[in-house]
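> In this note's numbering, the protein residues as written are 8 to 253.
1) Using only alpha-carbon positions, find the residue among 165, 202, 95 that is nearest to residue 217.
2) Is it right to say residue 206 is buried, meaning 16 or more other beta carbons lie within 10 angstroms of its own, or is it exposed?
3) Considering Cα atoms alone, identify which of 110, 81, 185 is closest to residue 211.
4) Among the candidates 178, 173, 134, whose CA atom is the shortest distance from the CA of residue 100?
5) My guess is that residue 40 and residue 172 are in contact by the Cβ rule of under 8 Å, so how many angstroms apart are they, rounded?
6) Report all residues from its chain with a CB closer than 7 Å to the CB of residue 71; omit the five preceding and five following residues, and keep chain order.
7) Suppose you measure from the CA of residue 67 to the CA of residue 152; what does that come to, to the nearest Å?
8) When burial is assigned at 16 or more other CB atoms within 10 Å of the CB, is residue 98 buried or exposed?
9) Helix, strand or coil for residue 86? Go by DSSP, reduced to three states.
10) Would you identify the three-state DSSP class for residue 188, choosing helix, strand or coil?
11) So, do the region 191–203 and the region 139–159 have three or more beta carbon pairs nearer to each other than 8 Å?
12) Enumerate in chain order the residues of its own chain whose CB-to-CB distance from residue 111 is below 6 Å, with the five nearest sequence positions on each side excluded.
13) Go through its chain and collect everything with a Cβ distance to residue 130's Cβ below 6 Å, but skip five positions before and after it.
14) With a 10 Å radius around its C-beta and 16 neighbouring C-beta atoms as the bar for buried, classify residue 240 as buried or exposed.
15) Would you list the residues sitting across from residue 175 in a DSSP beta bridge?
16) Looking at residue 106: is its Cβ nearer than 8 Å to the Cβ of residue 84?
17) Let's see if you can read the secondary structure: which residues bound the beta strand (DSSP E) around residue 225?
18) Measure the C-alpha to C-alpha separation of residue 169 and residue 53 and round it to an integer number of angstroms.
19) Can you tell me the Cα-Cα spacing of residue 90 and residue 43, whole angstroms?
20) Only counting runs of 3 or more residues, tell me where the beta strand (DSSP E) segments fall wholly within the region 126–174, in order along the chain.
21) When you compare the CB positions of residue 192 and residue 220, do they come within less than 8 Å of one another, or not?
22) How is the beta strand (DSSP E) around residue 212 delimited, first residue to last?
23) From this set, 75, 79, 86, which residue's C-alpha is nearest residue 109's C-alpha?
24) Report yes if the CB atom of residue 203 is closer than 8 Å to the CB atom of residue 182, and no otherwise.
25) Give the DSSP-derived three-state secondary structure of residue 48 in the structure shown.
The following block contains the structure:
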């Protein structure tokens, strides 16, 4: 006659499903005290001649930003923080208005600057090839130290998280900033390891010294949106090369 564990006087053992549930909860950081960072790449800017003032969003960019704002309006957001550039601010304002939450600007979220170049198209192709071979911004002509850039970005975003424990903050910024921070979180020794789409969402949760990347380059809200144009030739070439490289 078969006897149960309890009848044999043996201690209970955790079941595989119960262990999996605990592990998944830990990896997702579902704790109510965890802070959530919603990293948004700004919507597409309009093309602007070299040396002109910072452009606003293109028609496709406005469509992307409105779709983004509608999606995030369904979430409780503590605040919206934006990089200082005009196209990032325009994206962030639409998000903040839809969520009825305050908007602030953080200079530490600004884009890394490309060096001046007489032939932007030719420079862009050269930048992309060199960057894949040596994925550090300082490997490109005229760039600031990559460590200083990453330090500025990581310190800024970590301070935003620390100021909002258990809350969700939307940060509208740039591809280079998103990559710098996620490279730190994931332990990737590259200044850029993926090419986020305009208006895309990447979500990081943080609790104590633990991090969980919940999504990366989420563009579900952009399905059926207008096709993206070309704004920054250097990033366009770099994005294509990064995507081919995996």
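Glycine included, C-beta positions come from ideal geometry on N, C-alpha and C.
So, from the data block:
1) 165
2) buried
3) 185
4) 178
5) 6 Å
6) 50, 51, 205, 206, 229, 232
7) 33 Å
8) buried
9) strand
10) helix
11) yes
12) 88
13) 124
14) Since pLDDT at residue 240 reaches only 49, below the 50 mark, its modelled position is unreliable, and the value read off the structure follows with that caveat. Burial call: buried.
15) 43
16) yes
17) 217–225
18) 35 Å
19) 18 Å
20) none
21) yes
22) 208–214
23) 86
24) yes
25) strand
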